[in-house]
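S.K.: Residue numbers (our numbering), protein chains in the order written: chain F, 37 to 68; chain S, 22 to 469.
Handing you a structure now.
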Amino acid sequence: STIVLVFEAPQDFEFVVKTGQKIKVGERLGDV
Amino acid sequence: LADAWNHTPTKWYPLPVAVGALLLIVLQYRRTRRSEKEVQLDENGLEVVKLKGPWQKAYDAFGLSISKTYCFTLHFSMCIDSYFQVHVFGAFPLKRLSYVWGYLNSLELPVWFRPYGFKLYSWIFGCNLNEIDPPDLAHYASLGEFFYRKLKPGARPVADTVLVSPADGRVLHFGVIRDGRVEQIKGATYSLDALLGVERHGSPPPASIEFQARDQAEVLDRDFADINGIQYSLQDLLGTPCPPSGSAEGGVGSPTQELPMPMPTKHGEQTDASVSPDAPLQDVVAHEAGVAAEMGVRPFLDRAQGRPAGSVKPGHSLFFAVIYLAPGDYHRFHSPAAWVVEKRRHFVGDLFSVSPWMVDKLADVFVLNERVALLGRWKYGFFGMVPVGATNVGSIKINFDQALRTNVDRRRRPPVGTFEEAVYTSASPVLRGQPLSKAQEMGGFCLG
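Here it is, written out as structure tokens:
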């Protein structure tokens, strides 16, 4: 199963993860 | 055959380096062609998503009546082409397999067996048994129940960033959406419209359900809302509304004002909407969808700002992130941000595997599979979350949507390529949707 997020955000929004990284509920995904 | 197999001599010889180089060039050329493929549109100007490849004609002509045995045999003899795999996997009765898988995993297990069985499963798939609630493995009657387990309170601390992970899993991909296309893997994209769906101009959605969503929010006054005990300012929750032309205030931040909602026209001028801002949401959505279709933009609507959200605010972009949940992961999902879900679209599709290997091999897998698109808005504008089903986890649950039924029997399924839509009309006249706080549990994936 997979979850796809699609969202509008300011252009300075940055993901704070790396491709392939394991992540858990509530952990940082991105921030402005 | 046995004689030929046993007596035909095998002669091994090295391939010249040039052949290997040529093969790499051909593969790179095909990958480039795939990324630049022509988009096929239907009579409404919407992209048609369909299987592609050398077997397309035969597949179109005979559909699933092509001998599955034949395809199965071919799969093992010709499993060298990702396009071909689409057709082979499409011929497998994945939905039926998913039903059977779900049924088997709903069978009640003997109490004495449960701890051993679940410990074995956890050892194989890497589940952390220290964080499950309740911790007694004998409490889980079936594997399906164990799969949909809860976590102990506080097991997942919530970060203070605006966006947090909605699930346990692996980040497959993320980035910026350009030209309305989402990158599945490097060089291969799929259409955002195909993933989320668009309203058909001039015709209603295939099926529309309107019901009162379970109201979990209370608007304290004009400026604050309480969602499950957490207070949000309406501006933080929904964003700062752009004032309509000719007025200083308006939109969601000031719901009591009777201001006409400005709607952009084809020529970029502003004109009054033909529906009141207080009209039922579906009327506004239908009207705005028509305007958006006329303008040729995607009708993700931002009611608060009186503009199609497909055209993002100046200085904004559309982003995406894909998170894959492995079989051993906690399979409930949570809200990745504070946002309001306005509608959901249930797309009935196939149930291909969505493992990283398959995502790499199978183009458009997220568009082909059964999925639930939850669309709404957050403080920066449009926000959407799409749980995508797979063969082993075909059932998607949404806690606040009791009417949703996924992976249903074939006889009751709507036509492929269509979606069933529900509009969440909250009791709150301000939020107009299902509000969710950050990290609030939203639903999950069930076995089968």
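Built from N, CA and C at the ideal position, the CB exists for glycine as well.
1) For tyrosine 161 (chain S), which of helix, strand or coil comes out of DSSP?
2) Quick one: grab the DSSP three-state call for alanine 45 (chain F).
3) Can you name the residues of chain F whose CB is closer than 9 angstroms to the CB of alanine 159 (chain S)?
4) What does a CB cutoff of less than 6 angstroms around serine 338 (chain S) pick up in its chain, not counting 5 residues either side in sequence?
5) Please name the residue, chosen from S:Gly218, S:Phe139, S:Trp360 and S:Ala358, that lies closest to valine 369 (chain S) on a Cα-to-Cα basis.
6) Check the Cβ of glycine 405 (chain S) against every Cβ in chain F and list those closer than 9 angstroms, keeping chain order.
7) With contact counted as at least three CB pairs below 8 angstroms, one residue from each stretch, are the stretch 397–410 of chain S and the stretch 145–157 of chain S in contact?
8) So, is the C-beta of alanine 25 (chain S) closer than 9 angstroms to a C-beta in chain F?
9) Cα separation between phenylalanine 49 (chain F) and isoleucine 59 (chain F)?
10) Within the same chain, show all residues whose beta-carbon is closer than 7 angstroms to that of proline 46 (chain F), passing over the 5 residues directly before and after it, in chain order.
11) So the candidates are S:Cys148, S:Leu43 and S:Trp33; which of them puts its Cα closest to the Cα of glycine 190 (chain S)?
12) Which residues mark the beginning and the end of the alpha helix (DSSP H) in which isoleucine 198 (chain S) is found?
13) Give a yes or no on contact between the stretch 135–148 of chain S and the stretch 389–400 of chain S, applying the rule of three or more CB pairs nearer than 8 angstroms.
14) For aspartate 236 (chain S), which of helix, strand or coil comes out of DSSP?
15) Using a Cβ-Cβ cut-off of less than 9 angstroms, list which residues of the stretch 194–205 of chain S approach chain F; keep chain order.
16) Is the stretch 346–362 of chain S in contact with the stretch 175–190 of chain S, if contact means three or more CB pairs nearer than 8 angstroms?
17) With 9 angstroms set as the bound, which would you pick, yes or no: does the beta-carbon of threonine 286 (chain S) sit closer than that to a beta-carbon of chain F?
18) Exposed or buried, valine 192 (chain S), counting other C-beta atoms within 10 Å across all chains shown (16 or more means buried)?
19) Looking only at C-alpha atoms, which of S:Met379, S:Arg366 and S:Phe466 sits nearest to glycine 415 (chain S)?
20) Would you mind stating whether leucine 65 (chain F) and glycine 405 (chain S) have Cβ atoms separated by less than 9 angstroms?
21) How about glycine 469 (chain S) and leucine 115 (chain S): are their beta carbons less than 9 angstroms apart?
22) Output, in chain order, the set of chain F residues within a Cβ distance shorter than 8 angstroms of arginine 191 (chain S).
23) What span of residues does the beta strand (DSSP E) with glycine 405 (chain S) cover, start to end?
24) Kindly indicate which residue of S:Gln455, S:Asp422 and S:Leu36 has the alpha-carbon position closest to the one of glutamate 441 (chain S).
25) What number of angstroms, rounded off, separates the C-alpha of lysine 400 (chain S) from the C-alpha of valine 203 (chain S)?
26) Let's test the definition: count the other Cβ atoms within 10 Å of the Cβ of alanine 342 (chain S) and tell me whether it reaches 16, buried, or not, exposed.
27) If the cut is a Cβ gap below 9 angstroms, which residues of chain F does tryptophan 399 (chain S) touch?
28) Could you give the DSSP three-state label for alanine 25 (chain S): helix, strand or coil?
29) Starting from the C-beta of alanine 82 (chain S), find all residues in its chain whose C-beta is less than 7 angstroms away, skip the five residues before and the five after it, and write them out in chain order.
30) Note down, in chain order, every chain F residue with its Cβ under 7 angstroms from the Cβ of tyrosine 345 (chain S).
31) With burial defined as no fewer than 16 other Cβ atoms inside 10 Å of the residue's Cβ, what is the status of histidine 28 (chain S): buried or exposed?
32) Please list the partners that arginine 177 (chain S) has in chain F, where partner means a Cβ-to-Cβ separation under 9 angstroms.
33) Strictly under 9 angstroms for the Cβ-Cβ distance: is threonine 427 (chain S) near chain F by that measure?
M.R.: Looking at the atomic coordinates:
1) Against the second sequence, residue 161 (chain S) aligns to sequence position 140. In the structure shown, tyrosine 161 (chain S) sits in coil (DSSP, three-state: anything other than H, G, I, E or B).
2) Numbered from 1 along the first sequence, position 9 holds the residue referred to as residue 45 (chain F). Note: alanine 45 (chain F) maps to strand in three-state DSSP.
3) Locating residue 159 (chain S) in the second sequence gives position 138, counting from the first residue. By Cβ distance, chain F contributes nothing, its closest Cβ being about 26 angstroms from alanine 159 (chain S), past 9 angstroms.
4) In the second sequence, residue 338 (chain S) corresponds to position 317, counting from 1. Contacts found: Val197.
5) For the purposes of this step, residue 369 (chain S) is identified with residue 348 of the second sequence, where counting begins at 1. Minimum Cα distance to valine 369 (chain S) is reached at S:Gly218.
6) Along the second sequence, one-based indexing puts residue 405 (chain S) at 384. Residues of chain F passing the Cβ test: Val40, Leu41, Val42 and Phe43.
7) no
8) Here residue 25 (chain S) refers to the residue found at position 4 when the second sequence is read from its first residue. Chain F contact via Cβ: absent.
9) Locating residue 49 (chain F) in the first sequence gives position 13, where the first residue counts as 1. Locating residue 59 (chain F) in the first sequence gives position 23, where the first residue counts as 1. Going from the Cα of phenylalanine 49 (chain F) to the Cα of isoleucine 59 (chain F) covers about 19 angstroms.
10) Here the question's residue 46 (chain F) lines up with position 10 in the first sequence. Same-chain partners within the cutoff: Val68.
11) Residue 190 (chain S) sits at position 169 when you count from the first residue of the second sequence. Nearest C-alpha to glycine 190 (chain S): S:Cys148.
12) As a first step, residue 198 (chain S) must be located in the second sequence, where it is residue number 177. Unbroken run through isoleucine 198 (chain S): none, as it is neither H nor E.
13) no
14) Here the question's residue 236 (chain S) lines up with position 215 in the second sequence. Low confidence applies to aspartate 236 (chain S): its pLDDT is 41, below 50, so where it sits in the model is not reliable enough to give any reading.
15) His194, Phe195, Gly196, Val197, Ile198 and Val203
16) The answer is yes - the stretch 175–190 of chain S touches the stretch 346–362 of chain S, with three or more Cβ pairs under 8 angstroms.
17) If you number the second sequence from 1, residue 286 (chain S) lands on position 265. Model confidence at threonine 286 (chain S) stands at a pLDDT of 31, short of 50, so the residue's coordinates are unreliable; what they give is reported in the following sentence. Taking Cβ atoms only, chain F never reaches closer than 9 angstroms to threonine 286 (chain S), which makes this a no.
18) Position 171 of the second sequence, counting from 1, holds the residue named residue 192 (chain S). By the Cβ-count criterion, valine 192 (chain S) is buried, with 16 or more other Cβ atoms from all chains shown falling within 10 Å of its own Cβ.
19) Here residue 415 (chain S) refers to the residue found at position 394 of the second sequence. Of the candidates S:Met379, S:Arg366 and S:Phe466, the one whose C-alpha sits nearest the C-alpha of glycine 415 (chain S) is S:Phe466.
20) Here residue 65 (chain F) refers to the residue found at position 29 of the first sequence. Here residue 405 (chain S) refers to the residue found at position 384 of the second sequence. Not a contact, by the Cβ cut-off of 9 angstroms.
21) Here residue 469 (chain S) corresponds to residue number 448 of the second sequence, with the count starting at 1. Here residue 115 (chain S) corresponds to residue number 94 of the second sequence, with the count starting at 1. The answer is no: Cβ separation not under 9 angstroms.
22) Within the second sequence, numbered from 1, the residue matching residue 191 (chain S) stands at position 170. Listed along chain F, the residues sitting closer than 8 angstroms to arginine 191 (chain S) by beta-carbon distance are Gly56, Gln57, Lys58 and Ile59.
23) Reading the second sequence from its first residue, position 384 is the one you call residue 405 (chain S). 402–409 is the extent of the beta strand (DSSP E) around glycine 405 (chain S).
24) In the second sequence, residue 441 (chain S) corresponds to position 420, counting from 1. When each option's Cα is compared against that of glutamate 441 (chain S), the closest is S:Asp422.
25) Walking along the second sequence from the start, residue 400 (chain S) turns up at place 379. Walking along the second sequence from the start, residue 203 (chain S) turns up at place 182. Distance between the alpha carbons of lysine 400 (chain S) and valine 203 (chain S): 22 angstroms.
26) Looking up residue 342 (chain S) in the second sequence gives position 321. Buried is the label assigned to alanine 342 (chain S), since at least 16 other Cβ atoms lie within 10 Å of its Cβ.
27) Here residue 399 (chain S) refers to the residue found at position 378 when the second sequence is read from its first residue. Going along chain F in sequence order, the residues near tryptophan 399 (chain S) (Cβ under 9 angstroms) are Phe43, Glu44 and Ala45.
28) Walking along the second sequence from the start, residue 25 (chain S) turns up at place 4. Helix.
29) Taking the second sequence and counting its residues from 1, one reaches residue 82 (chain S) at position 61. Its pLDDT being 45, under 50, alanine 82 (chain S) is placed unreliably in this model, and the value from its coordinates should be taken loosely. Correct list: empty, nothing qualifies.
30) Reading the second sequence from its first residue, position 324 is the one you call residue 345 (chain S). Thr38, listed in chain order.
31) By 1-based counting over the second sequence, the position of residue 28 (chain S) is 7. Classification of histidine 28 (chain S): exposed, given that the 10 Å Cβ count is below 16.
32) In the second sequence, the residue the question calls residue 177 (chain S) occupies position 156. Going along chain F in sequence order, the residues near arginine 177 (chain S) (Cβ under 9 angstroms) are Lys60, Val61, Gly62 and Glu63.
33) Taking the second sequence and counting its residues from 1, one reaches residue 427 (chain S) at position 406. No, its Cβ sits nowhere closer than 9 angstroms to a Cβ of chain F.
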